[in-house]
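Chains as they are written, first to last, in the working numbering: chain A, 20 to 632; chain B, 5 to 409.
The beta carbon of each residue, even a glycine, is placed where N, CA and C say it ideally should be.
Notes for the one structure printed next.
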């Protein structure tokens, strides 16, 4: 059998498996979606050709709104620059076609590439900014693009705009109906891709970064990179919509792509619901409805339609805020679900025994120091974390325990000192350390509240995936699908280990202690060798403490090296093999429980009348 | 699925019965679209629409046994070329027999109108290249051209031995004017003190006006939006510079006077170029037209008063262009014997009507300009009203239009 036949055979098998998976996952809602697409594709049969341009234009704009939904909904990036990206795509296309005489396809590709580059540059520039500043910066970008275009009427075409030649493909003119079908296909693909991405690896990583960036970083999520990627993708979709939209309109003029359009798209996304793939389309349809209503009322009452439209949109936004701020579609979905309460039955349980830690190694810290201005938070700190041991780090408030943990996991760069695991020196940010198996949990409760319990754990389980990039995920390649199964298995195993048996429950519904267990499960799903826990027993009842202690025993027995920062000395007594005591950033004692308890310095500085052993 | 197809088929049947023009076989109402910036520059938009509506409302013709009436449908361009083009698409879909257009976006929209054999008439913008009877046989203009106004301005100002500062703003209107002015003053560079582009809507133009003064300008020619014109006058007069100011028709926009209402004397002396509202036959036809327009839509108050306290109204000079085009169109339909679009287009090159100002309006195969360059006159403001100047051969023959109420 030749290699080609072999490849064909494997492809056939994989396609059959994909088909089986698709059939298994097919639901009545998928049928509805398919029917809706077919019905939309049949619209040209009932709508006169003269109306198709308006409809196609709307769908291109909706495509840009869905693109914005990627940034706003998936990653929580409040971009007010989508109109600018539409304009960049449109004017690149228009300039290449009208001034340089390029044919359609090459100009489209260049327009998309230029917008993608603009998206990457803007994403890099705004990546480290807080949400409010991202909104302001992207809003300024919208103004800059508008001002640039209006300042050079020779480029932008002035009052007449930049007029494009007729759009032809293989000698045939592309009619508005043709544009509509292209736009419909593109928006269906964009929505489908969003629906596929959101609950899987890349979408979960973005949601984690959106809900709690520090916790996501701690689980090895490349937050900055994934946010940059989704922002660039959002801009690229806008560029595509802009370029095709200008081909439909046959004229590009700057006033069509200003800050007002950016704001309108943003409002559409918020109005419809940023977290649902169809939300932006619904939002834009509602705004479009407002516009038509304003025109009707304006025509009837002799009022300026523009002002009425703004007023109606304002009322719409107030309505959304009144419904909880999530948007019309999520509000409708919540209402529907409240009428038909779903029964969560999960048979997805895994073994409760933790797997043995592979390549268990000791983590060594030597001479770690960290200053914040004149405050010495950590001063020459040494630590040995041995596999199969629980090491407690205790000390009074402000003694530098959390600083030590954050330095060990890479959240803080030490001023001096080294951290290593086996032969590997740990330097730089969190993600490489997490990949080497050094994982920490946050002091405060830090779950990804908008995700389910399982999805929280899947964020951790996604760390070691090799085939979970956005393209493989969207196209559901065999390797990606296989990895999905493995990751889910790991996540369920971690959840089962910590005693969380309802994977589909929203994380926000868990009690405070359960949320801390979920943090632990997410960390365990990364397959750590060294686990650093910051106050895992906070808020736990006596029974929960016992259960947590049992869990730490199990983890120790599996070969994990554990560091526990804890104020609850009873819990420390129960779980710790060794104890290190910090005072004003300095280690004042280290050893077994008995040794530390007998240390006079520890009694004076920390224990007082409390007993450690 | 079968049910879905049946429903869609039923919808298609219903939809096919919609659209087009209303009326029975013996009486039809034809739609004329007015595509203008109603929201951005309401004065221009309303002026165009009112003129077209006045003509449409009184036009009833009969051809081959069918009585035709006309109605106007307004489309707001918001001064956006893209919206203007989309509006033309909509108008065609709405079954418009013709489009009366302010001019924005015509470079793109004319093709759509041509493909539907729909005539498109520009009734405000004067940009060069909009009209080309060979390449754009369906595009007509009834408005003074930028080229004509710029040359008339040059012809008027150069003999005065003035050193003119040519000020344009960065609006599309200003940039179109800049092109026309560069061309018209190109042969007489000694008359130009400097060329200056200022930002549209800038709150303070004092620095730019000071530059013009320092460059030795003895006159300002401001081709810009009304707010920019008001800004330039304000900057000049507040610095004590009583320089003469010349403008294209945007100088007569009520907005200029409204913005300078607190200093009425600053408007005095402002001279603008525009298409003449009266012709050799005197003011009679225009006054009749004005009365009919006012009877139907009311007077258009400027919102300022004369020094003796009378309200000032705006003469409907630009409304007469859309009015005239609709009358030419009606005559063309009459001559074509119906609404066969190609026949109507052909007839538009053949018919002539008496315009609102008494001039003959019409087009031919080689000329789709309804206003000849020689029809550009000059008027000067005094006491918030304007009158034709006396130092121009054409203008001094024209009768002032009463603007006090």
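Does residue i come out as helix, strand or coil in the three-state DSSP assignment?
| i | result |
| --- | --- |
| residue 616 of chain A | helix |
| residue 123 of chain B | coil |
| residue 426 of chain A | helix |
| residue 329 of chain B | helix |
| residue 384 of chain B | strand |
| residue 371 of chain B | strand |
| residue 15 of chain A | The structure shown has nothing for residue 15 of chain A, since chain A only spans 20 to 632. |
| residue 26 of chain B | At residue 26 of chain B, the pLDDT of 49 sits below 50, so the modelled position is not reliable; the number obtained from the coordinates is stated separately. The answer is coil: DSSP assigns residue 26 of chain B none of H, G, I, E or B. |
| residue 459 of chain A | strand |
| residue 490 of chain A | helix |
| residue 599 of chain A | strand |
| residue 60 of chain B | helix |
| residue 408 of chain B | strand |
| residue 466 of chain A | coil |
| residue 266 of chain B | coil |
| residue 104 of chain A | helix |
Under a CB-based cut-off of 8 Å, is residue i close to chain A?
| i | result |
| --- | --- |
| residue 303 of chain B | no |
| residue 180 of chain B | yes |
| residue 61 of chain B | no |
| residue 54 of chain B | no |
| residue 109 of chain B | yes |
| residue 83 of chain B | yes |
| residue 174 of chain B | yes |
| residue 93 of chain B | yes |
| residue 7 of chain B | Because residue 7 of chain B sits at a pLDDT of 48, beneath the cut-off of 50, its placement in the model cannot be relied upon, and the point is left open. |
| residue 86 of chain B | yes |
Within the continuous beta strand (DSSP E) that includes residue i, where are the two ends?
| i | result |
| --- | --- |
| residue 392 of chain B | 389-392 |
| residue 39 of chain B | 31-40 |
| residue 227 of chain B | 223-227 |
| residue 278 of chain B | 275-279 |
| residue 642 of chain A | Shown here, chain A extends from 20 to 632; a query on residue 642 of chain A therefore has no answer. |
| residue 305 of chain B | 305-309 |
With 8 Å as the threshold, decide whether the Cβ of residue i is near any Cβ in chain B.
| i | result |
| --- | --- |
| residue 156 of chain A | no |
| residue 230 of chain A | no |
| residue 479 of chain A | no |
| residue 169 of chain A | yes |
| residue 101 of chain A | no |
| residue 120 of chain A | no |
| residue 274 of chain A | yes |
| residue 522 of chain A | no |
| residue 268 of chain A | yes |
| residue 310 of chain A | no |
| residue 201 of chain A | no |
| residue 179 of chain A | yes |
Since residue i and residue j are thought to touch, with beta carbons under 8 Å apart, how far apart are those beta carbons, to the nearest angstrom?
| i | j | result |
| --- | --- | --- |
| residue 643 of chain A | residue 257 of chain A | Absent from the structure is residue 643 of chain A, since the part of chain A shown begins at 20 and ends at 632. |
| residue 168 of chain B | residue 234 of chain B | Going by Cβ atoms, the distance from residue 168 of chain B to residue 234 of chain B rounds to 19 Å, so no, they are not a contact pair. |
| residue 330 of chain B | residue 63 of chain B | 7 Å |
| residue 352 of chain B | residue 123 of chain B | 6 Å |
| residue 380 of chain B | residue 156 of chain B | 4 Å |
| residue 583 of chain A | residue 600 of chain A | Residue 583 of chain A to residue 600 of chain A, Cβ: 13 Å. No contact. |
For the alpha helix (DSSP H) holding residue i, just list the boundary residues, first then last.
| i | result |
| --- | --- |
| residue 474 of chain A | 472-480 |
| residue 193 of chain A | Unbroken run through residue 193 of chain A: none, as it is neither H nor E. |
| residue 400 of chain A | Residue 400 of chain A -> not in any alpha helix (DSSP H); beta strand (DSSP E) instead, spanning 394-404. |
Confirm the yes/no value for this check: CB of residue i, any heavy atom of the ligand MN, distance under 7 Å.
| i | result |
| --- | --- |
| residue 161 of chain A | With respect to the ligand MN, the structure shown offers nothing to examine, as it has no ligands at all. |
* Asked: Pairing CB atoms from the region 74-84 of chain A with CB atoms from the region 220-231 of chain A, are three or more of them under 8 Å?
  -> no
* To do: Check whether the region 332-345 of chain B touches the region 60-72 of chain B, counting contact only when three or more Cβ pairs, one atom from each stretch, lie closer than 8 Å.
  => yes
* Taking three-plus beta-carbon pairs below 8 Å as touching, is the region 410-419 of chain A in contact with the region 450-460 of chain A? -> no
* To do: Flag this pair as touching only if the region 239-259 of chain B and the region 211-225 of chain B have three or more C-beta atom pairs under 8 Å; answer yes or no.
  => Yes, the region 239-259 of chain B is in contact with the region 211-225 of chain B.
* Should the region 462-482 of chain A be regarded as contacting the region 228-240 of chain A, the criterion being three or more beta carbon pairs within less than 8 Å? -> yes
* To do: Would you check if the region 359-379 of chain B and the region 85-93 of chain B touch, i.e. whether three or more CB-CB distances between them fall below 8 Å?
  => Output reads no: the region 359-379 of chain B does not touch the region 85-93 of chain B.
* To do: Could you tell me whether the region 293-310 of chain A touches the region 335-350 of chain A, using the rule of 3 or more Cβ pairs below 8 Å?
  => yes
* the region 260-278 of chain A touching the region 77-91 of chain B, judged by at least three CB pairs closer than 8 Å -> yes
* Take every Cβ of the region 202-220 of chain A, pair it with every Cβ of the region 491-503 of chain A, and state whether three or more of those distances are shorter than 8 Å. => yes
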